[in-house]
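Numbering (this note's numbering), first residue to last: 15 to 174.
Below, the structure is given as structure tokens:
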């Protein structure tokens, strides 16, 4: 199976959108949009995210040992696109209100939900790495419908 043939098939899976954030250097922030986030266990509290092994985010999370997952709401399309590299502008964190969670990882103040994690394990999986996070803190700052990604398109404005 060729990845070119597989992409349109996998694009049919609708999923939520999250921004994965971490720290690097002297507390500089970094983040990227991801749709490969899942809950793993409640005891101990574990989540996972799959990241391109050769990508900057995977390397920085490995270096810092911490990350946060910010679940985006239906009205966060601009933030999702910005962290996916689809918007122009320098600092990705210039849009939205961000604060530091207990690990220091950035969390979006009006996210639908966020989880703040320490890296528990990293597992190579093809061209990606499955990063397992031990949840240190979590919150639901603003219950709202999620931002949905399907067939390479964000579905925004879906209200209850």
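Glycine included, each C-beta is placed from N, C-alpha and C at the ideal position. Just so it is clear, the structure is predicted and the values come from calculations on it, not from any experiment.
Could you check the C-alpha separation between residue i and residue j for me, to the nearest Å?
| i | j | result |
| --- | --- | --- |
| residue 106 | residue 18 | 29 Å |
| residue 104 | residue 119 | 19 Å |
| residue 98 | residue 157 | 23 Å |
| residue 73 | residue 20 | 26 Å |
| residue 58 | residue 152 | 14 Å |
| residue 22 | residue 109 | 31 Å |
| residue 55 | residue 90 | 27 Å |
| residue 40 | residue 137 | 27 Å |
| residue 165 | residue 65 | 20 Å |
Residue i by DSSP, collapsed to three states: which one?
| i | result |
| --- | --- |
| residue 130 | strand |
| residue 108 | helix |
| residue 35 | strand |
| residue 5 | The chain is shown from 15 up to 174; residue 5 falls before or after that span and cannot be answered. |
| residue 54 | strand |
| residue 19 | helix |
| residue 62 | strand |
| residue 6 | Nothing can be reported for residue 6: it is not among the residues displayed for the chain, which extend from 15 to 174. |
| residue 94 | helix |
| residue 151 | strand |
How many whole angstroms separate the CB atoms of residue i and residue j, which I take to be in contact at a CB cut-off of 8 Å?
| i | j | result |
| --- | --- | --- |
| residue 169 | residue 29 | Contact flag wrong, Cβ pair sits at about 11 Å. |
| residue 61 | residue 129 | 6 Å |
| residue 85 | residue 160 | 7 Å |
| residue 37 | residue 67 | Contact doesn't hold; Cβ gap of about 20 Å is too wide. |
Would residue i and residue j be called neighbours here (beta carbons separated by less than 8 Å)?
| i | j | result |
| --- | --- | --- |
| residue 133 | residue 147 | yes |
| residue 150 | residue 131 | yes |
| residue 47 | residue 94 | yes |
| residue 143 | residue 82 | no |
| residue 31 | residue 45 | no |
When DSSP builds the beta bridges, which residues end up paired with residue i?
| i | result |
| --- | --- |
| residue 162 | 30, 169 |
| residue 144 | 64, 137 |
| residue 122 | 112 |
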